[in-house]
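> Okay, here's the structure, questions in a sec.
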Amino acid sequence: MMPDHQLWIGTWDQGLAIFDPQTQRFKQYKNDLADPHSLSHNTVRVIYQDRRGITWVGSYGGLNQAVYQGESLRFKAYTHQASQKNSLSHNFVQAILEDKQGRLWVGTQEGINLFNRGSGTFLNYRTRQSRLKVFTHDYIYCLAETPDGHLMAGTKHNGFYIYDYEHNHLRQYNEQSGLVGNTVLTIIPLENHQYWISTTDGLSFFDERSGKFKNYRPIDGLSSKEFYPRSGTRLPDGRLAFGNIQGLTLFHPDSIRENSLSTPGAYQPGESTGSVSSTYSGKSFASVVRCIDDYF
């Protein structure tokens, strides 16, 4: 939902749809090979509006900057060019984030890119191996930011990273660190350097300061362990919503309480296992999810 209350909807192979709630009408934008200012690809994976009010559309045809010319919506595409080392690392754009310093980060199927707005080029961590080897060829699913402005990147196979751009310092967290699964799909920051993370193997709660995780799986009440990329959000009332293959997981972080039963529900490296029962308004994860599923 944009500030003007229009709803931008990315689709699979059907382009971009914009819904105006006042007129109850849709406008559809698709790739037109004869028009260089059309959407670069009809599969849209991410839509992001930065603090300048610029809307960016990540597709399977690169990064698109939406530009209004009068009543017409046009697109300026930034794509991967094999002969240009400062082009986008890959045309499959999965994630976009503007950090606190106004830097625009773009996650693709082959790593992280830092966009130079002035030149229209990218600092490509796929090719700058000497500076940040670990991001080379990493499939990026999601981006987030820590309270102190560090970049967080969730990957397809290697867990997630926290990157301090100013000091060129990188930390990696994966299953060996205690994360529930190595395919990280969504990261939602809370206060006090705490985060909720969805994966293809369940949910993790991560406390950055202690470096510890608490993990949640179907045995703890989740309707499914498998979530969708970038399908999580924090609602105005503090609840968290994560989309999974069975519907929607909805809960308030403050409702989580630990159970003394000895089951493999939550695991901390070096600690004994213990199940975790999550509640919201007196209901378990499973109860809340079932209620929501009834609407779909």
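Those letters in the sequence shown? Residues 1138 to 1433, by the working numbering.
All C-beta atoms, glycine included, are put in the ideal place defined by N, C-alpha and C.
Touch check for the stretch 1342-1351 and the stretch 1360-1368: three-plus C-beta pairs under 8 Å?
no
> According to the neighbour-count rule (16 or more other Cβ atoms, all chains shown, within 10 Å of its Cβ), is PHE1388 buried or exposed?
Mapped onto the sequence shown, residue 1388 falls at position 251. By the 10 Å Cβ count, PHE1388 comes out buried.
> Label GLN1151 either buried or exposed according to how many other C-beta atoms from any shown protein chain fall within 10 Å of its C-beta, with 16 as the threshold for buried.
By 1-based counting over the sequence shown, the position of residue 1151 is 14. Around the beta carbon of GLN1151, fewer than 16 other beta carbons sit within 10 angstroms, so the residue counts as exposed.
> In the stretch 1174-1243, which residue ranges form an unbroken beta strand (DSSP E) of at least 3 residues, counting only runs that do not cross its ends?
1181-1186, 1192-1196, 1199-1206, 1209-1215, 1230-1235
> Kindly say whether ASN1228, judged by its beta-carbon, lies nearer than 8 Å to any beta-carbon of chain B.
Absent here is chain B; the protein component of the structure consists of one chain.
> Evaluate ILE1277 with the Cβ neighbour count: other Cβ atoms within 10 Å of its Cβ, from every protein chain shown; 16 or more gives buried, anything less gives exposed.
Taking the sequence shown and counting its residues from 1, one reaches residue 1277 at position 140. Around the CB of ILE1277, 16 or more other CB atoms lie within 10 Å, so the residue is classed as buried.
> Taking just the CA atoms, how far does PHE1163 sit from ALA1154?
Within the sequence shown, the letter at position 17 stands for residue 1154. Within the sequence shown, the letter at position 26 stands for residue 1163. Looking at the backbone, the Cα of ALA1154 and that of PHE1163 are separated by about 6 Å.
> Roughly how many angstroms separate the alpha carbons of ARG1254 and ASP1357, rounded to a whole number?
Taking the sequence shown and counting its residues from 1, the one referred to as residue 1254 is at position 117. Taking the sequence shown and counting its residues from 1, the one referred to as residue 1357 is at position 220. Between ARG1254 and ASP1357, the alpha-carbon positions lie close to 45 Å from each other.
> Output needed for ASN1319: all residues of its chain with C-beta closer than 7 Å, excluding positions within five of it in sequence on either side, in chain order.
The count along the sequence shown starts at 1 and reaches residue 1319 at position 182. So the list reads HIS1294, ASN1295, GLY1296, ASN1311, GLU1312, once near-sequence residues are dropped.
> Candidates HIS1178, ARG1211, HIS1306, SER1209: which alpha carbon is nearest SER1196's?
If you number the sequence shown from 1, residue 1196 lands on position 59. Among HIS1178, ARG1211, HIS1306, SER1209, the Cα nearest to that of SER1196 is on HIS1178.
> Let me know if MET1289 comes out buried or exposed under the rule of 16 or more other beta-carbons within 10 Å of its beta-carbon.
Locating residue 1289 in the sequence shown gives position 152, counting from the first residue. Under this definition MET1289 is a buried residue.
> Could you check if ASP1157 is buried or exposed, using at least 16 other CB atoms within 10 Å of its CB as the buried criterion?
In the sequence shown, counting from the first residue as 1, residue 1157 sits at position 20. Exposed: under 16 other Cβ atoms inside 10 Å.
> If the criterion is Cβ atoms closer than 8 Å, does the pair GLY1286 and LYS1237 meet it?
Here residue 1286 refers to the residue found at position 149 of the sequence shown. Here residue 1237 refers to the residue found at position 100 of the sequence shown. Contact: yes.
> Evaluate LEU1241 with the Cβ neighbour count: other Cβ atoms within 10 Å of its Cβ, from every protein chain shown; 16 or more gives buried, anything less gives exposed.
Taking the first residue of the sequence shown as position 1, residue 1241 is located at position 104. The residue is buried, with at least 16 neighbouring Cβ atoms inside 10 Å.
> Which same chain residues end up closer than 6 Å to ILE1146 when comparing Cβ atoms and leaving out the 5 residues on each side of it in sequence?
By one-based count along the sequence shown, residue 1146 stands at place 9. Same-chain partners within the cutoff: ALA1154.
> Going by the DSSP bridge assignment, what does ASN1261 pair with across the sheet?
Within the sequence shown, numbered from 1, the residue matching residue 1261 stands at position 124. DSSP output for ASN1261 lists ASN1250 as bridge partner(s).
> Is it buried or exposed for TRP1333, if we count other Cβ within 10 angstroms and need 16 for buried?
Locating residue 1333 in the sequence shown gives position 196, counting from the first residue. TRP1333 is buried by the Cβ-count criterion.
> Below 8 Å on the Cβ atoms is my guess for THR1386 versus SER1360; work out the distance and round it to an integer in Å.
In the sequence shown, the residue the question calls residue 1386 occupies position 249. In the sequence shown, the residue the question calls residue 1360 occupies position 223. Confirmed, about 7 Å.
> Look at GLN1202 and PHE1229 and say whether their C-beta atoms are less than 8 Å apart.
The residue you call residue 1202 lines up with position 65 of the sequence shown. The residue you call residue 1229 lines up with position 92 of the sequence shown. Their beta carbons are not under 8 Å apart, which means GLN1202 does not touch PHE1229 by this criterion.
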